[in-house]
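Peer 1: Taken in order, the sequence shown gives residues 198 to 392; the numbers are from my numbering. Ideal Cβ placement from N, Cα and C applies to all residues, glycine included. Okay, handing you the structure first.
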Amino acid sequence: MKLPEKVDVAGATVLMPRSQHEFLRLSRSAIDDTITQNLNALETPARAGFDPTSTSRFGPRPLSRPIDAATCNQFKYQVLFPSWQARSDVLSYCSLVATSPDPDDPERALREAENEKNRERVIDERLDPYSGRFFSREARTEHLALILRQEMGVENIVRLRTWDIVGRRCGDSTVGGWEQALAEWRRTRGVAEGR
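Here it is as structure tokens:
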């Protein structure tokens, strides 16, 4: 499974959180959600040959065996980390768009009119205790920033879960947390940190 080296996202697409969410969902489902199946595919069960004594053992056999360290590292460096980097790149770009002003915001004029109208209101909380409340419309970039914070939280949880499974299946070949391993991969590849 080969992933694209560079992800190209248009600014207009970023402001539509649905498309950004779909990309992240599809990427996670291809690698992280199926991590056990991907790691099972790396096993070579017949490499040691048939063991006749295996038929004399009672009880269940282990559900999974440790995977060869070289094979595991190859999977991490060629599939897992590039996938994580692509998602980090998208989240970084979207964060940049979310923190930039949006001159093409279609609701900007409406929001400014509502804010002006709110400044002119007379507020008497003795007559109406709720009259002091005003909730202005949220700009597209503010909404995008909120969604990105949620997606980054999801991304951290997904990576932690994936790294736990990889650590259990790969044995001693995974030292440290996923942040450390990804940072090391970025350093050796000369890749800038995505987020």
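What's the C-alpha gap between Phe278 and Pro298?
Peer 2: Phe278 and Pro298: Cα-Cα distance of roughly 32 angstroms.
Peer 1: Quick test of the definition: if touching needs 3 or more C-beta pairs under 8 angstroms, does the stretch 263 to 271 touch the stretch 373 to 386?
Peer 2: Counting Cβ pairs under 8 angstroms, fewer than three are found: no touch.
Peer 1: What three-state label does DSSP hand Val388 in the structure shown?
Peer 2: Here Val388 sits in coil by DSSP.
Peer 1: Indicate whether Arg366 and Leu236 have their beta-carbon atoms separated by less than 7 angstroms.
Peer 2: The answer is yes: Cβ separation under 7 angstroms.
Peer 1: Terminal residues of the continuous alpha helix (DSSP H) containing Pro263?
Peer 2: It is not in any alpha helix (DSSP H) - Pro263 carries neither H nor E in the DSSP assignment.
Peer 1: Val355 lies in the alpha helix (DSSP H); which residues open and close that run?
Peer 2: Per DSSP, Val355 belongs to the alpha helix (DSSP H) from Arg337 to Cys367.
Peer 1: In whole angstroms, what is the alpha-carbon distance linking Gln282 and Pro249?
Peer 2: Gln282 and Pro249: Cα-Cα distance of roughly 45 angstroms.
Peer 1: Rounding to the nearest angstrom, what Cα-Cα distance links Leu223 and Leu341 in this structure?
Peer 2: Their backbone Cα atoms lie some 19 angstroms apart in a straight line.
Peer 1: I need the straight-line Cα distance from Thr338 to Val276, nearest angstrom please.
Peer 2: For Thr338 and Val276, the distance between alpha carbons rounds to 32 angstroms.
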